[in-house]
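Chains as they are written, first to last, in our numbering: chain A, 1 to 314; chain B, 315 to 671; chain C, 672 to 989.
C-beta: ideal position from N, C-alpha, C; glycine also.
It should be emphasised that the depicted structure is a prediction, and the values quoted were computed from it without experimental measurement.
First up is the structure itself, then whatever we jot down about it.
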Amino acid sequence: MTAAHAWRRLRPPFIVWLLMGTLLTCALTVDGFIAPGNLANVARQVAVLGVLALGQTFVIAAGMMDLTVGALATLVTVIAAHWMDGQAARLWSGVAVALVLGLGVGALTGALDRTLRIHSLILTIGMMTVLTGVVFMITDQSSGAPSPQLAALANEDLHGVPLSFLMLALLTLLAHLGMHHTRFGLHVQAIGSSEEGASHAGLRVAQAKAATFVVSGVLAAIAGLLLLGRLGTGYPNAGSGLELDAVVAVVLGGTLLSGGRASIVGSVAAATVLGVISNVLNLLEISSFVQMALKGMIVVTVVLLNRPAAQGRA
Amino acid sequence: MKNPSIFTTRRVAALSLAAGLLSGLASSGALAQTSPQQQKMQAAEKVDGARFKKAGPYTIGVSAGYLSNSWVVYTLQHIRYEASLHKDVKEVIVTDAAFKPAKQVADIEDLINKKVDLIIYWPVDNKAIQGALQKAVDAGIPTINTGGGFYYSPSTTSNAYIGQFDLGEKAARQLFKDMGGKGKIFAMLPIAGHSATVDQLAALRAVMKEYPGIELLSVEHGNWNRAKAKQITENLVQRFPQIDGVFSPSGQMSAGVVEALDEAGRLSAVVLSPADEYNGWLKLVVKYGKGGIITFPTRVGRDGVQLGVSLLHGDTVVRGRQVPSQVIPVADAAKYVMSDKGDDAWANELPAAWQPK
Amino acid sequence: MSGRLRPGLEQAAIWLVLLLLIVIGASLSEAFLRPAYLANMLRQAAPVGIAAIGVTLVMVRGGVDLSVGAIVSASAVCAAALMDGDATRLPLALLASCALGAALGAFNGVLVASSPVSPFILTLGTAIVFYGGTQIVTGGTAKGAIAPGFREFFNHRLGGVLPLLALAFVLLALLGVALQRRTPFGRSLYLVGSSPAAARLCGLPIGRITVLVYACSGLFAALGGLALLARSGVSGSLAASGYEFDVLAAVVLGGTAFQGGRGGIGGTVAGVLILTVAFNLVNVVGLHYHAQLIVKGVVIVLASAIYRRIGATSGVSA
Numbered sequence: 001m002t003a004a005h006a007w008r009r010l011r012p013p014f015i016v017w018l019l020m021g022t023l024l025t026c027a028l029t030v031d032g033f034i035a036p037g038n039l040a041n042v043a044r045q046v047a048v049l050g051v052l053a054l055g056q057t058f059v060i061a062a063g064m065m066d067l068t069v070g071a072l073a074t075l076v077t078v079i080a081a082h083w084m085d086g087q088a089a090r091l092w093s094g095v096a097v098a099l100v101l102g103l104g105v106g107a108l109t110g111a112l113d114r115t116l117r118i119h120s121l122i123l124t125i126g127m128m129t130v131l132t133g134v135v136f137m138i139t140d141q142s143s144g145a146p147s148p149q150l151a152a153l154a155n156e157d158l159h160g161v162p163l164s165f166l167m168l169a170l171l172t173l174l175a176h177l178g179m180h181h182t183r184f185g186l187h188v189q190a191i192g193s194s195e196e197g198a199s200h201a202g203l204r205v206a207q208a209k210a211a212t213f214v215v216s217g218v219l220a221a222i223a224g225l226l227l228l229g230r231l232g233t234g235y236p237n238a239g240s241g242l243e244l245d246a247v248v249a250v251v252l253g254g255t256l257l258s259g260g261r262a263s264i265v266g267s268v269a270a271a272t273v274l275g276v277i278s279n280v281l282n283l284l285e286i287s288s289f290v291q292m293a294l295k296g297m298i299v300v301t302v303v304l305l306n307r308p309a310a311q312g313r314a
Numbered sequence: 315m316k317n318p319s320i321f322t323t324r325r326v327a328a329l330s331l332a333a334g335l336l337s338g339l340a341s342s343g344a345l346a347q348t349s350p351q352q353q354k355m356q357a358a359e360k361v362d363g364a365r366f367k368k369a370g371p372y373t374i375g376v377s378a379g380y381l382s383n384s385w386v387v388y389t390l391q392h393i394r395y396e397a398s399l400h401k402d403v404k405e406v407i408v409t410d411a412a413f414k415p416a417k418q419v420a421d422i423e424d425l426i427n428k429k430v431d432l433i434i435y436w437p438v439d440n441k442a443i444q445g446a447l448q449k450a451v452d453a454g455i456p457t458i459n460t461g462g463g464f465y466y467s468p469s470t471t472s473n474a475y476i477g478q479f480d481l482g483e484k485a486a487r488q489l490f491k492d493m494g495g496k497g498k499i500f501a502m503l504p505i506a507g508h509s510a511t512v513d514q515l516a517a518l519r520a521v522m523k524e525y526p527g528i529e530l531l532s533v534e535h536g537n538w539n540r541a542k543a544k545q546i547t548e549n550l551v552q553r554f555p556q557i558d559g560v561f562s563p564s565g566q567m568s569a570g571v572v573e574a575l576d577e578a579g580r581l582s583a584v585v586l587s588p589a590d591e592y593n594g595w596l597k598l599v600v601k602y603g604k605g606g607i608i609t610f611p612t613r614v615g616r617d618g619v620q621l622g623v624s625l626l627h628g629d630t631v632v633r634g635r636q637v638p639s640q641v642i643p644v645a646d647a648a649k650y651v652m653s654d655k656g657d658d659a660w661a662n663e664l665p666a667a668w669q670p671k
Numbered sequence: 672m673s674g675r676l677r678p679g680l681e682q683a684a685i686w687l688v689l690l691l692l693i694v695i696g697a698s699l700s701e702a703f704l705r706p707a708y709l710a711n712m713l714r715q716a717a718p719v720g721i722a723a724i725g726v727t728l729v730m731v732r733g734g735v736d737l738s739v740g741a742i743v744s745a746s747a748v749c750a751a752a753l754m755d756g757d758a759t760r761l762p763l764a765l766l767a768s769c770a771l772g773a774a775l776g777a778f779n780g781v782l783v784a785s786s787p788v789s790p791f792i793l794t795l796g797t798a799i800v801f802y803g804g805t806q807i808v809t810g811g812t813a814k815g816a817i818a819p820g821f822r823e824f825f826n827h828r829l830g831g832v833l834p835l836l837a838l839a840f841v842l843l844a845l846l847g848v849a850l851q852r853r854t855p856f857g858r859s860l861y862l863v864g865s866s867p868a869a870a871r872l873c874g875l876p877i878g879r880i881t882v883l884v885y886a887c888s889g890l891f892a893a894l895g896g897l898a899l900l901a902r903s904g905v906s907g908s909l910a911a912s913g914y915e916f917d918v919l920a921a922v923v924l925g926g927t928a929f930q931g932g933r934g935g936i937g938g939t940v941a942g943v944l945i946l947t948v949a950f951n952l953v954n955v956v957g958l959h960y961h962a963q964l965i966v967k968g969v970v971i972v973l974a975s976a977i978y979r980r981i982g983a984t985s986g987v988s989a
C-alpha cells in the first residue's frame, strides 16, 4: 500500500475539516463561544442527534432510510418516563425496557422491510405515523420523570466535559469499529454499494439489512433515554422532526444516500456542526427565521461540496 | 431462501413486553391537579426581588417556545413595546424553539451564556425546561413565565399569566348558559400534549360536573389550524346528527368550525362558545352573531416585562399576576374587529408603530 | 430493467383499493353514499392532491421533491400578501405566486441537474431555506388577506354538489395526465427515469428536462398553495408543513416508484383519495383521535404492500 493510498484511506471526510474550520472561526470571532460553559452546552445539545445519526448511518449505508427514529425515541422517552417515575431504583430496569423496545421495534421494521419489500422510505413513514399514534395513546401530556442518575448523565459534567458527550464518544467508537472493522459493517457497505453484487458474493443480504434497522432502533432508544434525562419529563412530542435531522447529519457527514461507503465519524461531526451553527446563530442573536434559512443553505452548500467522485443518482 | 416467520421468539417477547407496559400505563393514575383555589393562593405569594437586584442597563432574553403563531407574535410586540418604555432596558434578545422542548432547553442555556439579566419565556412544555430555568435562577436571572398558564415551581420566579384553565372555564360556563344547561357538545382543542390543551379540557370537564345535562360527544384536536378544524368538523357533522354546542376557545379553530357548520347548513342549530380575539373569528362573530369573545389578551407580554424589571430593581412582586380573561358578548364584538386587517391579527391596544408588520 | 408490465392492471388495482375503502366506509356510515360528502372529500384532498401531481412527474423522472410543502406555503403567503383583500389584484396575485412556485422549482431543478448529489437531500435543504425565507417575510404571522370572492368562488358547489375547487383538482389532474402521456416532454420523463443512459444516447437534453420537471413540480405546488388558501382562508406560514410526507405517501401508493420510469398521475390521484378517505373514515367512525394516526400509518404500509404484490416489478426494497 503506497503512502498516498494509505492517506486516502485515512483521510477524514470533508465535514471534519468543516467542523474544525467552523470551531476555529467561531472561537476567534464569536463572543462567548469558547466560554467553557458554552462549549459544554453545545456538546450536551449535540448528544441526542449524534446518537441518532450513528444508527441512521448503518441504515443509509445499506441503501435504505429509517424515518421511525424520531417517533421511536419519543416512545422510549415516554415509556421510560412512566416506568422510572423519578425513582433511582428503577434506573436499570428502565434502561432495559428502553433497549428492548428499541430492539423490538427495529426488528419489526426490519422484518416488515424484508417481507413486504416496499421502499424503506414509505415503510418507515408509515411506521413513524403508527408509533406517533401509540405515543399519544399512552399519554397526551407530559408526565413521568427520569431516574436521577439518568438526568445526571444527560446534564452533568466530568471535569468540564459533559457526560452525555463522553457517552456519544464511546458509542461513536463502537459504531466506527462496527462499521469498518467487523464483517457485519463491511457487508452493510457492500450491500449498499450493490445489493445484487453482494448477493452473488454470497452475503446474507436480507439478514444484514434487517440488522441495520435493529441497530438504528437500539440507538434510537438510547437517544430517547438521553432526551428524557435532558428534558426531565416524558413529553409526547419530544423527538418529532429528529428523523430528518438525523438523515441530514448522515448525508452531510459524507455517507452516500444511495448506500455504500459510510463514515461514522462524519455523521457525528456533521451533527456537531449543526449544533454549533445553531448555538452560534443564537449567540449572534440572529432571528430564528433567518436561522432556518441559513441552516438550509448550509445543508445544500455542504452537500454540493461533498460531491463524491463517482456515485450518485442520475 | 425462504423467508422465516417474522414472529421469532425474540420479537414476540419484545412486543409482549411493550404491550404489557402499554396496558399497565393505561391504568396509571391521573396527575395531581392543583385546584383553582390552591392556584390563587400560590399566585398571591410574594417573591422578594432582593437577590435579583442589580444595576442597569438590562438585557432581556425572551425564550419563545414557538413564534409561528400570530398570538405570540403580538405578545412579543407587547414585550418589545413595554421594554422600550423602560429607560434602563437596553436590549431584547429573542430565541425560538419552534415547538421543540429540547431546543428550548438549549436556547435558555445560550441566553444564560449571553449574560442576559432577565428571562421571559413561554414554554412548549413547562416540565421539560425546569432544569434549564433553574440554572438561570441560580445565576441570579429571574425567570418569568409569560402568556401561558400559572406555573408554580422554584425555577419559575414569577408568572404573568392568563390561565388557560380560567379561559376554558369561563368559555364553558358561557356556552352552557347560552345552551340552557343541556345538550350535546364537542370540544375543539389545540395540539395534543400541549399544556393549553390539557388545561382547557380539564376546565371543561370541571364545569361539566355542574351541568349533568351536557353530553360531550367527542374531543378533537385542531392544532390551532383553521383548515384542520374545518375538516374535522365536516366529519363530526356526518357522524353526529345532533350537535347542540361547540366548546372551542381558540378563535382560529372556531373560524374553521363555523364555516364547516355553515356549509353543512347546521349553523343555526348550534351554539358556539366564546373564543379569543383572533381577528378572523371576530369578523365571523359580527357576521353570524354567534359565539362572542373570551379575551386572551396579548398585552400579557407587558405584564411579564413589568414583573421582571421590578424584580431587577429589587422590589417584591407576586408569584403570579393574572391578566384576566373577559367575556365580551356578541353585541359588542363589532368594536374589536379590525376590518382593515387580515384575519391573522389580534385585537390590541398597541400604538401603530409597534404593530407587527 | 423494470418496465411497464401490465400497466392496466396496476392502474386498476389502486382504484380497486380505493373503491374497497369507500365500500367499507359506506357500510360503517351512510355518509359515504352521499354525493355531497364524497365531493367534499375531493375538495379536502385538493391541496395535497394538486401538489402531488407535480411531484409525480418528478418521481417518474427518477427524482424526488421534498420542498413541496415549503413551496405550497411560500406561494400561499405570496398570493395572500399580494391580494391584500383587493379583488382587482387577484390576477396579479395568482400569476405571481405561480411564477414564484415555478421559479423555486426551477432552482431545485438546476441544483439537481448540475450535481450528482441525491435530490432527496438537496430538496430537503432547499425546503428548509424556503420555509425560513417564508417565515422571514411574514415575521411569523400570516400576511395579507384573501380577496373577497376568491374563497366563495372555489367553494361554490356546481349543481349543489360539486365544489369548484374539487373540479379544479380533477381538471388539473387530467391536464397532468395529458402532459405525461401526450407530450414528448412527458414521455421523455419515463425514458430518463427508467434508463438515463439510454436517454442520453438518444440525445435527450437531460439537464433541461430535469430543470423543467422540477419547475413543473414547483408550479403545481403553487397551485396547491392557492387551493389551500381557498380552503382555509389564511396563509399561516407553516400551513403546509408535513405535506411532503403526505404527498410522498400518496405518490408511492399510487404506483410511482422512487426508481422512476413508471407510474403516473392517475395512480397518484387514487393514492391521495385513499389517504383522504382513510382519514375521514376513521374520523367519522369515531375512533379516538390518536388511533387515527395508527390507522393512517397502517393504511400507508398495507396499501403499498398490496400494491407491490400486484405490481410487476422484481424490485429491491431500497
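C-beta neighbour in chain B for residue i, strict 8 Å
i	result
R902 (chain C)	yes
Y914 (chain C)	no
S216 (chain A)	no
Q149 (chain A)	no
A849 (chain C)	no
Beta-carbon proximity list for residue i, same chain, < 7 Å, skipping 5 on both sides
i	result
A269 (chain A)	I15, V16, L19 and G253
S700 (chain C)	V955 and V956
I426 (chain B)	K449, A450, A453 and I455
A271 (chain A)	V46, L49, G50, A53 and A249
D513 (chain B)	G463, Q478, F479 and G482
M127 (chain A)	T68 and T109
Proximal chain B residues relative to residue i, where beta-carbon distance stays under 8 Å
i	result
G957 (chain C)	S532 and R553
E156 (chain A)	None at all; the shortest Cβ gap to chain B is about 11 Å.
P36 (chain A)	The premise fails here: P36 (chain A) is roughly 10 Å from chain B at the closest Cβ pair, so nothing lies under 8 Å.
Cβ distance (whole Å) where residue i is taken to contact residue j below 8 Å
i	j	result
Y592 (chain B)	G565 (chain B)	3 Å
A928 (chain C)	V719 (chain C)	Actually they do not touch by this definition, with Cβ atoms about 19 Å apart.
V560 (chain B)	I499 (chain B)	6 Å
I60 (chain A)	L919 (chain C)	At roughly 17 Å, the Cβ-Cβ gap does not stay under 8 Å, so I60 (chain A) and L919 (chain C) are not in contact.
T460 (chain B)	I434 (chain B)	5 Å
Residue i vs residue j beta-carbon contact at 8 Å
i	j	result
V743 (chain C)	T809 (chain C)	no
A220 (chain A)	G55 (chain A)	yes
A81 (chain A)	G144 (chain A)	yes
Proximal residues of chain C, C-beta to C-beta of residue i below 7 Å
i	result
S258 (chain A)	S789
Contacting residues, own chain, Cβ-Cβ under 6 Å from residue i (five flanking each side not counted)
i	result
E338 (chain A)	This structure gives no information on residue 338 (chain A), because the portion of chain A shown stretches from 1 to 314.
C887 (chain C)	G725 and L728
V215 (chain A)	G55 and F58
7 Å Cβ cut-off: residues of chain A touching residue i
i	result
K441 (chain B)	S142, G232 and T233
C-beta neighbour in chain A for residue i, strict 8 Å
i	result
G803 (chain C)	yes
L381 (chain B)	yes
D410 (chain B)	yes
L676 (chain C)	Note that L676 (chain C) has pLDDT 48, beneath the 50 cutoff, so the model's placement of it is unreliable and the number below is only indicative. With 8 Å as the cut-off, L676 (chain C) does not count as an interface residue toward chain A.
Any C-beta of chain C under 8 Å from that of residue i
i	result
I505 (chain B)	no
L153 (chain A)	no
Minimum Cβ-Cβ distance from residue i to chain E less than 8 Å
i	result
V248 (chain A)	Given the protein chain composition of this structure (A, B and C), no chain E is represented.
Proximal residues of chain A, C-beta to C-beta of residue i below 9 Å
i	result
V969 (chain C)	G126, T129 and V130
Closer than 9 Å at the beta carbon, the chain B residues around residue i
i	result
Y708 (chain C)	E548 and Q552
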